[in-house]
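Novice: Position 66 of the sequence shown, counting from 1, maps to 331 under the numbering used here, and the rest follow consecutively.
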Amino acid sequence: MNRIFAAVLFLLPAVALAQQPERVYTLEETLRLLRNDPALQSAEQDVIIAGSRVTEARLRFLPDIGLQASGTKYDARYPFALSPEFRSLLLFPGAPSENIYSGRAYFNMPLYEGQRTMNTLRLAQASQKQALSNRDSVKLDLTLRAKEVFYRLLLAQERAAALEAHLKTAEKAAEEGGLGAWERVEAEAATGAARSRAAEARHQLETARLTFLHALSLELDTPFRVEGTLETKMARTETDKAVVWAMELRPELQSQTYKVQMDAIGVNLALGRRYPTLFLAGDYELTATRFPLKNNNWDVTLGLKIPFAYDFWSQLKQKRAEQRQGELARAQLQDRVRLEVRQAADTVRWWQEEWPRREQQYKRVQAMLDDAAGKAGAALSRQRAREGVLELRLAWLTAVTEHILARARFERAVGRELPQ
Numbered sequence: 266m267n268r269i270f271a272a273v274l275f276l277l278p279a280v281a282l283a284q285q286p287e288r289v290y291t292l293e294e295t296l297r298l299l300r301n302d303p304a305l306q307s308a309e310q311d312v313i314i315a316g317s318r319v320t321e322a323r324l325r326f327l328p329d330i331g332l333q334a335s336g337t338k339y340d341a342r343y344p345f346a347l348s349p350e351f352r353s354l355l356l357f358p359g360a361p362s363e364n365i366y367s368g369r370a371y372f373n374m375p376l377y378e379g380q381r382t383m384n385t386l387r388l389a390q391a392s393q394k395q396a397l398s399n400r401d402s403v404k405l406d407l408t409l410r411a412k413e414v415f416y417r418l419l420l421a422q423e424r425a426a427a428l429e430a431h432l433k434t435a436e437k438a439a440e441e442g443g444l445g446a447w448e449r450v451e452a453e454a455a456t457g458a459a460r461s462r463a464a465e466a467r468h469q470l471e472t473a474r475l476t477f478l479h480a481l482s483l484e485l486d487t488p489f490r491v492e493g494t495l496e497t498k499m500a501r502t503e504t505d506k507a508v509v510w511a512m513e514l515r516p517e518l519q520s521q522t523y524k525v526q527m528d529a530i531g532v533n534l535a536l537g538r539r540y541p542t543l544f545l546a547g548d549y550e551l552t553a554t555r556f557p558l559k560n561n562n563w564d565v566t567l568g569l570k571i572p573f574a575y576d577f578w579s580q581l582k583q584k585r586a587e588q589r590q591g592e593l594a595r596a597q598l599q600d601r602v603r604l605e606v607r608q609a610a611d612t613v614r615w616w617q618e619e620w621p622r623r624e625q626q627y628k629r630v631q632a633m634l635d636d637a638a639g640k641a642g643a644a645l646s647r648q649r650a651r652e653g654v655l656e657l658r659l660a661w662l663t664a665v666t667e668h669i670l671a672r673a674r675f676e677r678a679v680g681r682e683l684p685q
């Protein structure tokens with residue numbers, strides 16, 4: 266009985282998996298599922314954090330306003346004062362009451378502080394723009410990755426189906442009678458090679474399926490298939506214009522530009538440490554030993570603070586060095602982007618020349634095979650002809666896939682879609 270129960274428990278996951286409906290993913294559905302990616306969700310949280318910091322920086326322009334209330338019970342042997350947190354109230358022995366109550370309203374507002382508050386706001390705004398650019402960069406990377414796994418899987422499906430069909434024709438040709446000893450050896454060898462290629466194609470298909478599921482953050486045991494067509498179109502690849510687009514549109518360059526701005530603001534903040542701070546503060550206080558509180562004090566203070574920072578020059582030197590590093594990193598990134606655009610453009614142009622040639626050759630030989638289908642011929646000759654057409658078809662489908670992905674990489678390098 267226990268063995269039967271254990272067997273039922275073991276088979277339940279397999280039965281549940283078999284009952285799950287097979288999902289169908291198109292390219293549009295694949296791109297839509299990008300929002301589940303952890304990297305994109307983390308980038309979205311960075312945008313939220315940066316927006317909150319901008320709000321905090323804006324609130325620093327408002328005065329610091331608050332209320333404070335306290336009640337103290339004491340026993341004094343000699344005069345003493347409360348801690349500064351409680352306004353340093355003086356207490357004396359022999360008072361008619363051992364209790365003292367205090368309530369105050371206060372404000373503190375900097376009038377001038379060397380634009381430190383303004384620079385802090387500008388720093389937060391630049392950081393917010395950098396977070397948005399980083400999020401856009403993650404989106405572009407994920408879009409390219411989704412297209413790659415989708416079309417690689419689609420190609421793997423086409424290859425597996427074509428090689429399975431080729432294996433069946435090879436087995437059928439090997440079973441035909443009238444073959445000589447050498448012809449039978451050739452037929453068996455061709456069947457074995459077709460079986461090996463079909464098995465490799467099935468393995469590559471399973472690997473492509475797992476890669477697809479992992480890229481879209483889906484459960485690895487999800488039953489699914491992808492639907493689409495391996496077809497492409499010619500694209501205009503004007504390299505000089507594409508480089509200009511990339512300089513303007515690439516989120517990485519925009520992020521690095523904001524980083525340079527942040528470094529410059531950091532230098533200004535370091536310089537602002539040597540400027541004095543002019544502030545206005547005020548208090549209104551009620552203090553008494555019993556309720557209601559009637560004794561009141563008030564004050565308004567205009568103050569000036571002159572800083573003397575021992576590390577001023579070292580920090581300024583550090584910020585200027587960081588600014589120079591940012592400028593060098595931006596120049597290096599610009600060179601890398603130019604190289605990426607030119608390499609991607611060359612790849613697109615090469616596949617645009619190669620793909621039509623392979624398609625034309627495949628269709629021409631396929632037409633010849635269709636014309637010869639009803640004519641007499643040796644079984645092995647027909648099988649070798651079909652195998653040659655299969656190789657041409659797979660080469661054509663590979664070229665189409667590579668051209669599609671080369672277009673996607675070029676669009677990623679430029680930062681925008683290509684015109685047809």
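All C-beta atoms, glycine included, are put in the ideal place defined by N, C-alpha and C.
As the structure is a computational prediction, the values presented were derived from the model and not from experiment.
Thinking just about the alpha-carbon of each residue, which of Leu332, Leu347, Ile330 and Glu378 is nearest to the one in lysine 338?
Specialist: Measuring from the Cα of lysine 338, the nearest candidate turns out to be Leu347.
Novice: Alpha carbon to alpha carbon, what distance is there between valine 654 and valine 630?
Specialist: Valine 630 and valine 654: Cα-Cα distance of roughly 7 Å.
Novice: Closest by CA to phenylalanine 415, which one among Trp616, Tyr290, Val319 and Ile313?
Specialist: When only C-alpha atoms are compared, the closest one is Tyr290.
Novice: So what does DSSP say about tyrosine 575, is it helix, strand or coil?
Specialist: It is coil, neither helix nor strand.
Novice: Between the Cα of leucine 593 and those of Arg474, Ser579 and Val525, spot the shortest distance and give me the residue it belongs to.
Specialist: Measuring from the Cα of leucine 593, the nearest candidate turns out to be Val525.
Novice: Round the Cβ separation of alanine 529 and leucine 581 to the nearest angstrom and send it over; I've been treating them as touching at under 8 Å.
Specialist: With 8 Å as the limit, alanine 529 and leucine 581 do not qualify as a contact, their Cβ atoms being about 13 Å apart.
Novice: Determine the extent of the beta strand (DSSP E) in which glutamate 441 is found, giving its start and end residues.
Specialist: Taken as a continuous stretch (DSSP letters only), glutamate 441 belongs to no beta strand (DSSP E), as it is neither H nor E.
Novice: On a Cα-Cα basis, can you pick out the residue from Ala673, Ala322, Ala671 and Leu483 that is closest to leucine 388?
Specialist: Checked all of Ala673, Ala322, Ala671 and Leu483; the closest Cα to leucine 388 is Ala322.
Novice: Which residues mark the beginning and the end of the beta strand (DSSP E) in which methionine 374 is found?
Specialist: Its beta strand (DSSP E) spans residues 364-377.
Novice: If you draw a straight line from the alpha carbon of alanine 586 to that of serine 579, how long is it in whole angstroms?
Specialist: Distance between the alpha carbons of alanine 586 and serine 579: 11 Å.
Novice: Would you list the residues sitting across from alanine 553 in a DSSP beta bridge?
Specialist: According to DSSP, which records beta bridges pairwise, alanine 553 is partnered with Tyr366.
Novice: Is proline 349 buried or exposed, if buried means 16 or more other CB atoms sit within 10 Å of its CB?
Specialist: Exposed, by the Cβ-count rule.
Novice: For arginine 288, which of helix, strand or coil comes out of DSSP?
Specialist: Strand, per DSSP.
Novice: Identify, in the order they occur along the chain, each residue of the same chain with its Cβ nearer than 6 Å to the Cβ of serine 520, setting aside the five sequence neighbours on each side.
Specialist: Around serine 520: Gln395, Ser398 and Asn399.
Novice: Which same chain residues end up closer than 6 Å to alanine 546 when comparing Cβ atoms and leaving out the 5 residues on each side of it in sequence?
Specialist: These residues qualify, in order along the chain: Asn373 and Thr566.
Novice: Among His668, Arg300 and Arg410, whose alpha-carbon lies nearest the alpha-carbon of leucine 495?
Specialist: That would be His668, whose Cα lies nearest to the Cα of leucine 495.
Novice: Should the region 484-493 be called in touch with the region 593-606, which here means at least 3 C-beta pairs below 8 Å?
Specialist: As far as the Cβ criterion goes, the region 484-493 does not touch the region 593-606, which means the pair count is below three.
Novice: Give a yes or no on whether the C-beta atoms belonging to arginine 603 and valine 508 are separated by under 9 Å.
Specialist: Yes. Within cutoff.
Novice: Bridge partners for aspartate 548 per DSSP, in chain order?
Specialist: In DSSP, aspartate 548 forms a bridge with Tyr371 and Asp564.
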